[in-house]
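Novice: Have a look at this one.
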Amino acid sequence: MGIGEVDERYLRQAIALALASRDVGQRPYGALLVGPDGAILAEDHNTVLADGDITAHPELKLARWAAARLDAAAIASTTMYTSCEPCEMCAGAIERAGIGRVVFALSDEQWRTLMRSSSASPVTRDVTYDGPALFDEARAPLERYHG
């Protein structure tokens, strides 16, 4: 689809939200959700520190907002504009909410490069995942589930 002038205008608003977030002592990320008519439906910034909630990313909060307030067709027609490419957690929420399009300013790779060169290095942890296991038992709750 590509990014046009209108997209750039909304991306600048997402970046402005990120700057405002940083200026009030929060992590510097912002996002907005725009309807097909160009109306801004909701906007937010990162509040992980203020809320003491590691999931308080703006993209996740907007996906929750959309899922709670819009029907599926309306959600599918929205575009989320965000200052950085959504993390895996947020991307999952965006997909589950059914948001139709996401436009981001910085890619994950660009973010990592910037963070490596700044005093605020990205958080990386070694996590071990084991599985799958207990297939027959684990599938039981999913049988006959149609959600």
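Quick note on the numbering used here: the sequence shown kicks off at 138 and runs consecutively.
Don't be surprised by glycine CBs; every beta carbon is placed ideally from N, CA and C.
Taking only runs that begin and end inside the region 195 to 278, name each unbroken beta strand (DSSP E) of 3 or more residues, in chain order.
Specialist: 216 to 221, 238 to 243
Novice: How close, in whole Å, do the beta carbons of H182 and G172 come, if the pair is a contact with beta carbons under 8 Å?
Specialist: Against the sequence shown, residue 182 aligns to sequence position 45. Against the sequence shown, residue 172 aligns to sequence position 35. About 20 Å separates the two Cβ atoms, so there is no contact after all.
Novice: Rounded to the nearest angstrom, how far is the Cβ of I212 from that of A234, given a contact under 8 Å?
Specialist: If you number the sequence shown from 1, residue 212 lands on position 75. If you number the sequence shown from 1, residue 234 lands on position 97. With 8 Å as the limit, I212 and A234 qualify as a contact, their Cβ atoms being about 6 Å apart.
Novice: In chain order, what residues of the same chain have a beta carbon less than 6 Å from the beta carbon of R89, not counting five sequence neighbours either side?
Specialist: Limits of the chain in this structure are 138 at one end and 284 at the other, which puts residue 89 out of reach.
Novice: With W248 and C221 assumed to form a contact (beta carbons below 8 Å), what rounded beta-carbon distance in angstroms separates them?
Specialist: For this step, residue 248 is matched to residue 111 along the sequence shown. For this step, residue 221 is matched to residue 84 along the sequence shown. Contact flag correct, Cβ pair sits at about 5 Å.
Novice: Under a three-way DSSP split, which group does E280 fall into?
Specialist: The sequence position of residue 280 within the sequence shown is 143, counting from 1. In the structure shown, the three-state DSSP call for E280 is coil.
Novice: Would you say the beta carbon of A168 is closer than 6 Å to some non-hydrogen atom of the ligand MG?
Specialist: With respect to the ligand MG, the structure shown offers nothing to examine, as it has no ligands at all.
Novice: Could you spell out where the alpha helix (DSSP H) holding D160 opens and where it closes?
Specialist: Here residue 160 corresponds to residue number 23 of the sequence shown, with the count starting at 1. Where D160 is concerned, the enclosing alpha helix (DSSP H) stretches over 142 to 160.
Novice: Ends of the alpha helix (DSSP H) at A168?
Specialist: Against the sequence shown, residue 168 aligns to sequence position 31. Per DSSP, A168 belongs to no alpha helix (DSSP H); it is in the beta strand (DSSP E), 167 to 171.
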